[in-house]
Amino acid sequence: MCVKAAAAADVIKDPDRVVTPLKRVGAPGQFEAVSWDEALDEIVERLGRVRQQYGNHAFASFMGNPPAFGMGVAFFLSGFQDAFQIKWRYGVNADDAAARQVANFFLYGSPAILLKPDLWRTKFVLMLGANPFVSHGSTFSEPKVREALHSVVERGGRVVVVDPRRSETARAFEHLPVRAGSDTWFLIGLIRTLQEEDLVAREFVRKHVSGAERMEALLQSFSVEECAIRSGVDAAVLRQLARDFAAAESGVVYGRTGTCTQRFGTLNNLLQDFVNALTGNIERPGGYVFGWAAVDLEKFAEAGGFATYSKQRTRVFGHPDVFGMLPSTSLVPDITTEGPGQVRALVTVGTNAVHSSAGGGKAMEDALEQLDLHFSLDLYVNETNKHAHFILPVTSFYEREDLPIAALGLMLRPALWWSPAVVPPRGEVREEWKILQEIARRSGLGGAYSVRALRWLARIGLHVTPSMIADLLVRTGPAGDWFGLKRGGYSLKKLREHHPDGVLLKHELPTRPLRQRLHTPDKRINVCPPILEDELNRLRGHLDDPAFPLRLIGMREIRSQNSWLHNIPRVMPSARRHVAHLNPIDATAHGITADDAITITSKSGSIRTAVKLTADIFPGTVALPHGWGHSGGWKIANRSGGVNSNILASGALEDIEPIAGMSILTGIPIRISRAAEMTESALLGANMPHESATS
Ligand SMILES: Nc1nc2c(c(=O)[nH]1)N[C@H]1C(S)=C(S)[C@@H](COP(=O)(O)OP(=O)(O)OC[C@H]3O[C@@H](n4cnc5c(=O)[nH]c(N)nc54)[C@H](O)[C@@H]3O)O[C@H]1N2
Ligand SMILES: Nc1nc2c(c(=O)[nH]1)N[C@H]1C(S)=C(S)[C@@H](COP(=O)(O)OP(=O)(O)OC[C@H]3O[C@@H](n4cnc5c(=O)[nH]c(N)nc54)[C@H](O)[C@@H]3O)O[C@H]1N2
Ligand SMILES: [Mo]
């Protein structure tokens, strides 16, 4: 069992959890408990005033990561947004997967298509910017992810992990260090080798790929030697890797947050899949496959209207929405820049954007303070919603029933299960969908539904609930009972009564003829989207700033979940220290020893932290976990010290990836120095209270 799942049980009883509605009564973080009626009445009244005075577009929403995994928000937030005609729908997608989804839109015709690495059958995994031994996967889901990866080697295959840090996954397999933020060059080097040495699967490309010749022509001017220098990977190693990958019976290039959150995140994702496509590894066993799920998420996203790219652009920066979400980096300018559509009221649902986003930190805190109304649905007072006017407490995962809608579509071994609420809700917490529903109702909109007929029905007390929608999706899905038409099919009732532990539906992912999978007009994989040429030119034109010679990367920890779960003793050892990982070579060059604190400076800010010297990190790179440096309503988290690493991530327009609006969270140009004062008290004064100061 994952240590975080066990820790999550402790969230229920956490004394610092918010269990009654809170109303802000003073400085940020100063709240008093109020009744639901008082909170909701005042929210509705103030929201009404904002909308009346400035128009519907003055009310925006912001969704974080955890709620995306519960069906309540997945089914009801868009209804809420539609009922209130919310135009600005921000989220953390562009801090995570938006680059992947935009690449999918270009390559396969829809951002809702998400391919999975067929780990249980493949003979070669080339992994970049992912660390599944810690993260446990991400855009694919496999409870036994370690076993799945080990099985590749047991079959005589290879797992090569491209990472500036010798990560937990890299340690278990072949590690290929790369210069942070340079995967674009590395990938071009691979593709150039495939082309130069005629290693391309010609037959597959002829049948299933469009734009290959033009793409090849665009890449022609890049030499493998140049790619080697820029990526820090030896040219001979690069070439041999391309040969080996092409020669493998099957193989898959899989990249994740480490390649998405770079300066060329969308381009990286395109290039990764060019390698997959040029070697004939799309939708074949052991390759990069479309998969199968009991609930067809592609159809669900399309029907729900969030299989979108660039349907909306943000007001000030002009960045696109992806999968129905606008980039988090636009929130600050959209609040602080006057003019039509200026954001004046905001609902945040399960996010800690001040710590998660580039351009978060102080700039976002100041912007949030300018809002006429901000209410938040969350389990805690965090560093973001401590600036809200109201916090509305929600149920945790064990206090609500759920169909794990987001995970179903990602499974390498498709399963289906229904999880009931296992404990009654604590205090006065409520389910998110009911809160959204009630705000819409009290605002005279009927309910949080996109469809007008449902809002009308809600007015007379007839409500569609999340479990009704879930049941419908299951029953009409590929494993459904079709209301009795399909024998052996499933419904929620059947799952509840006969399969309380869930059912494993398939042992492996079925493949289908590729043409049936693609949503592109010509039913081919498009490897030459219109943005390719511009992005390659941008890559060529991008120069490193000599003032910032090193590069910062992040580091997920097994006992942490982004910026939270830091208040749970089970995963929060009191001896935890927040440290930057630094190669001894760089330390020596800067006169830094293991006992020193260092200052890390980027274009956007400066932080001070303790260090750990380790040869596991590629010289020139510094790794620092994100999501720390707490000052919310969680006492253990606040005491744990550390610093918000995203102060170093710039939210300036020129530092946001333009195609998907991605925050650049890795490969950030930095410089380091020994901190001027390294006494314990100086450290305490900076950002590291109590025991987490220098060793
Ligand atoms: N324990 C734990 N598990 C989690 C989470 C958590 O916070 N804690 N978060 C969950 C979430 S929200 C997500 S999205 C997933 C993410 O899942 P993953 O992407 O698999 O997880 P990360 O650990 O972020 O892996 C990123 C890897 O990229 C490397 N990297 C950084 N910069 C570069 C670069 O420039 N090039 C290359 N090639 N590699 C680079 C890092 O060293 C790291 O090993 O994890 C999920 N699982
Ligand atoms: N430097 C750097 N920055 C990163 C990343 C990185 O790798 N490096 N990773 C990025 C990624 S992949 C992600 S996904 C984002 C995450 O960004 P966010 O979603 O903004 O951050 P979280 O830390 O997940 O904050 C989640 C909040 O949700 C609350 N919460 C938990 N469960 C629930 C629930 O069921 N309902 C509601 N309403 N609230 C709940 C928690 O109490 C917490 O306050 O961070 C991004 N930021
Ligand atoms: Mo994420």
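So the sequence shown is numbered by our numbering: it starts at 72 and just counts up by one.
Glycine is no exception: its CB is placed at the ideal position from the N, C-alpha and C atoms.
For residue i, I'd like the list of residues in its chain whose CB is within less than 6 Å of its CB, leaving aside the five on either flank, ordered along the chain.
i: A241; result: V232 and D234
i: R384; result: P391
i: S238; result: N202
i: L695; result: A651 and S716
i: G162; result: M134 and M396
i: V115; result: R513 and S514
i: T750; result: At T750 the pLDDT is 44, less than 50, meaning the model places this residue with poor confidence; the figure from the coordinates comes in the next sentence. Counting only Cβ-Cβ distances below 6 Å, and skipping sequence neighbours, we find nothing.
i: Q156; result: N127
i: R679; result: A668, T670, A746 and A757
i: D367; result: G548
i: D254; result: L199, T330 and N339
i: V418; result: S132 and F446
Over the uninterrupted beta strand (DSSP E) stretch that includes residue i, give me the two end residues.
i: M435; result: Where M435 is concerned, there is no enclosing beta strand (DSSP E), although the alpha helix (DSSP H) it sits in stretches over G432 to E440.
i: D449; result: L444 to D449
i: G162; result: R160 to G162
i: H652; result: V650 to L653
i: G100; result: That residue, G100, is in no beta strand (DSSP E); it is neither H nor E in DSSP.
i: T400; result: Run containing T400: none; DSSP gives neither H nor E here.
i: Y380; result: Y380 to R384
Along the alpha helix (DSSP H) that carries residue i, what are the first and last residues, could you check?
i: Y561; result: Counting along the chain, Y561 falls outside any alpha helix (DSSP H), and DSSP gives it neither H nor E.
i: T337; result: G336 to L349
i: F244; result: Note, F244: premise wrong, no alpha helix (DSSP H); not H, not E.
i: D315; result: A306 to A318
i: V425; result: A424 to S427
i: V196; result: Looking at the DSSP string, V196 is not in any alpha helix (DSSP H); the run it does join, the beta strand (DSSP E), is F195 to L199.
i: F133; result: Not the alpha helix (DSSP H): F133 falls in the beta strand (DSSP E), residues F130 to M134.
Less than 8 Å between C-beta atoms, sequence neighbours within five positions excluded: which residues of the same chain meet that for residue i?
i: V465; result: G421, L448, D449, L450, V500, R501, E502, E503 and I506
i: S752; result: Residue placement at S752 is flagged as unreliable, the pLDDT there being 37, under the threshold of 50; the coordinate-derived value follows with that caveat. Hits under 8 Å: none found.
i: S212; result: A478, L481, M482 and L483
i: S766; result: Any reading at S766 must be qualified, since the residue scores a pLDDT of 24, below 50, and its modelled position is unreliable; no value is offered.
i: L290; result: I259, I262, R263, Q266 and L607
i: I707; result: D87, H637, N638, I639, P640 and M643
Can you check whether the CB of residue j is closer than 7 Å to the CB of residue i?
i: L623; j: V693; result: yes
i: Q343; j: V324; result: yes
i: V280; j: T582; result: no
i: W363; j: R301; result: no
i: G208; j: V216; result: yes
i: L575; j: A486; result: yes
i: G180; j: L603; result: no
i: D189; j: S427; result: no
i: L439; j: H460; result: no
i: T350; j: A313; result: no
i: L610; j: W489; result: no
i: A378; j: F147; result: no
i: A416; j: D443; result: yes
i: Y380; j: F140; result: no
i: S401; j: T193; result: no
i: A541; j: L474; result: yes
Can you check which of these residues, the options, is closest to residue i by C-alpha distance?
i: A731; options: I688, N340, M643 and R558; result: N340
i: V205; options: R192, R742 and R327; result: R327
i: S675; options: V714, G722, S645 and N715; result: G722
i: M142; options: L614, A78, H246 and P491; result: P491
i: A219; options: F554, G357, I531 and R160; result: G357
i: I184; options: E369, A746, T330 and K557; result: E369
i: I353; options: I669, R595 and T659; result: R595
i: M643; options: Q266, G713 and P549; result: G713
i: A768; options: F394, W527 and L607; result: Past the boundaries of the shown model lies residue 768; the chain is included only from 72 to 766, so the question cannot be answered.
i: P620; options: R526, I739, A541 and H637; result: I739
i: I743; options: P640, T685 and A658; result: A658
i: Q333; options: A170, W107, F316 and Q632; result: A170
Ordered along the chain, which non-local residues of its own chain (more than five positions away) have a Cβ less than 7 Å from that of residue i?
i: R88; result: V82, L450 and Y451
i: I629; result: V74 and V205
i: I510; result: L111, I114 and V115
i: G252; result: Q333, R334, R622, T737 and G738
Along the chain, which unbroken stretches of the alpha helix (DSSP H) at least 4 residues long are found entirely within the region 661 to 737?
As summarised for the region 661 to 737, the continuous alpha helix (DSSP H) elements at least 4 residues long and confined to that stretch are 706 to 710, given in chain order.
Note down, one range per segment and in chain order, each beta strand (DSSP E) of at least 3 residues found wholly within the region 215 to 297.
Runs of the beta strand (DSSP E) inside the region 215 to 297: 229 to 233 and 245 to 247.
At 4 residues or longer, what runs of the alpha helix (DSSP H) sit wholly inside the region 455 to 480?
Those alpha helix (DSSP H) runs which fall completely within the region 455 to 480 and span 4+ residues are 476 to 479.
What are the start and end residues of each continuous beta strand (DSSP E) run of 3 or more residues lying completely inside the region 578 to 651, in chain order?
Counting only runs of 3+ residues, the beta strand (DSSP E) found wholly inside the region 578 to 651 occupies 621 to 624, in chain order.
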